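K.L.:
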Amino acid sequence: MIKLINNDCLDVMKNIPDESIDLIITDPPYLINYKTNYRKNKNHDFCKTIKNDDNFSLISEYIKNCYRILKKNKAMYIFCNNTHVDFFKQELEKNNFNIKNMIIWVKNNWTAGDLKAQFGKQYEIIFLVNKGRCFFNGKRITDVWLFDRVAGTSQLHQNQKPLDLIKQCILKHSKENEVIFDGFMGSGTTGVACKELNRDFIGVEIDRKYFEIAKNRIEGDDSNGK
Ligand SMILES: C[S@@+](CC[C@H](N)C(=O)[O-])C[C@H]1O[C@@H](n2cnc3c(N)ncnc32)[C@H](O)[C@@H]1O
Numbered sequence: 569m570i571k572l573i574n575n576d577c578l579d580v581m582k583n584i585p586d587e588s589i590d591l592i593i594t595d596p597p598y599l600i601n602y603k604t605n606y607r608k609n610k611n612h613d614f615c616k617t618i619k620n621d622d623n624f625s626l627i628s629e630y631i632k633n634c635y636r637i638l639k640k641n642k643a644m645y646i647f648c649n650n651t652h653v654d655f656f657k658q659e660l661e662k663n664n665f666n667i668k669n670m671i672i673w674v675k676n677n678w679t680a681g682d683l684k685a686q687f688g689k690q691y692e693i694i695f696l697v698n699k700g701r702c703f704f705n706g707k708r709i710t711d712v713w714l715f716d717r718v719a720g721t722s723q724l725h726q727n728q729k730p731l732d733l734i735k736q737c738i739l740k741h742s743k744e745n746e747v748i749f750d751g752f753m754g755s756g757t758t759g760v761a762c763k764e765l766n767r768d769f770i771g772v773e774i775d776r777k778y779f780e781i782a783k784n785r786i787e788g789d790d791s792n793g794k
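Rendered as C-alpha cells:
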C-alpha cells in the first residue's frame, strides 16, 4: 500500500490512528529560512526557501503527533542540522522519545557560509529516537554515516536525501510490509525506498510541485531516480 497526499501533514495526521505506524523517517524544514545565493539563475526553484522553514510550532506539533501515531517499541529518524539541534532535541525529549543516537551524516561537500571566520560545514544530523525501546535489525553499526549528497544535475529537490541513506534507515528498523510514514516527503525519497524494499508508505507533501515530482518518482516507471 502506497498512499501519497498533497496537504499539510498536521491535517493528515489528525486522521491517522494512535499507534498505527511502524517507522517514521522524516526530513522536515530545518527552521533556517535558507535561500541559496550560489546559483547563477536566481529564479531557479532551488533559490526559494522551502515552505515553513521558519515555523517552529509546526515542528513541535509534528513531533507530538509522531509520538502518538507510532506503535510502542518502534523508531523514528528525524533530520536537522546544527543550527537548531537544541530545539529538535528538546522537543523530542519533551514528547517522551528516547534519544538513541545523534547520527552524523558526513557528506562529500561542505557549505560556503562565512569564508573567513567559519569552517565549512560538512555534516547533517539525524536523530534516531525510540518510543519505548526498538531493537535494530542485523549487525550494530556506527553513528557516523558516510553518504554522498545527491549530485546537482540529478537533484529534484534542493534538500533531497540520498536513496541509499534512507534505505539504510528502513533496513535497520523495519520489516517487509510494515507501514512507514513521512510527513515532509519533498521529492519522495522515502517513498521510493519503501517501494523498492516492499514496505507500505504514507507520504505527505504540502507543495504541489514537489508533490507531483514525488508522485511521478514513486508511482511512475522511473522510480529508481535518485
Ligand atoms: C527538507 S524537505 C524534504 C526533502 C526530501 N527528504 C527529499 O529527499 O526530497 C521538506 C519538505 O517539507 C515540505 N513541507 C513544509 N511544510 C509542510 C507541511 N506543513 N506539511 C507537509 N509538507 C510540508 C516542504 O515543501 C519540503 O518539500
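Mapping of the sequence shown onto my numbering: residues 569 to 794, in sequence order. Every residue, glycine too, gets a C-beta built ideally from N, C-alpha and C. Remember, it's a predicted structure, so these values are computed and weren't measured experimentally.
(1) Does the distance from the CB of Lys668 to the CB of Val697 come in under 9 Å?
(2) Among residues of its own chain, excluding the 5 on either side of Ile573, which ones have a beta-carbon nearer than 6 Å to its beta-carbon?
(3) Taking 8 Å as the cut-off, is the CB of Phe647 close to at least one heavy atom of ligand 3?
(4) Measure the C-alpha to C-alpha separation of Lys582 and Phe687 and round it to an integer number of angstroms.
(5) Can you tell me whether Met581 is helix, strand or coil according to DSSP?
(6) Does ligand 1 have a heavy atom nearer than 8 Å to the CB of Ile774?
(7) Is Thr757 a contact residue of ligand 1, with contact defined as CB to any heavy atom under 8 Å?
(8) Quick one: what's got a C-beta closer than 8 Å to Lys639's C-beta in the same chain, skipping five residues either side?
(9) According to the Cβ coordinates, are Val747 and Phe715 closer than 9 Å?
(10) Could you check if His725 belongs to the surroundings of ligand 1, using beta carbon to heavy atom distance under 8 Å?
P.N.:
Result, derived from the coordinates:
(1) One thing to note: Lys668 has its Cβ within 9 Å of the Cβ of Val697.
(2) Counting only Cβ-Cβ distances below 6 Å, and skipping sequence neighbours, we find Val580 and Val772.
(3) Absent from the structure shown: ligand 3. Ligands present: ligand 1.
(4) So the alpha carbons of these two residues sit roughly 42 Å apart.
(5) Of the three classes helix, strand and coil, the one that applies to Met581 here is helix, per DSSP.
(6) In this structure, Ile774 has its beta carbon less than 8 Å from a heavy atom of ligand 1.
(7) For Thr757, the distance from the CB to the nearest heavy atom of ligand 1 is below 8 Å.
(8) Answer for Lys639: Glu587, Ser588, Ile589, Asp590 and Lys699, listed in chain order.
(9) No, Cβ-Cβ distance for Val747 and Phe715 is not below 9 Å.
(10) His725 Cβ: within cutoff of ligand 1.
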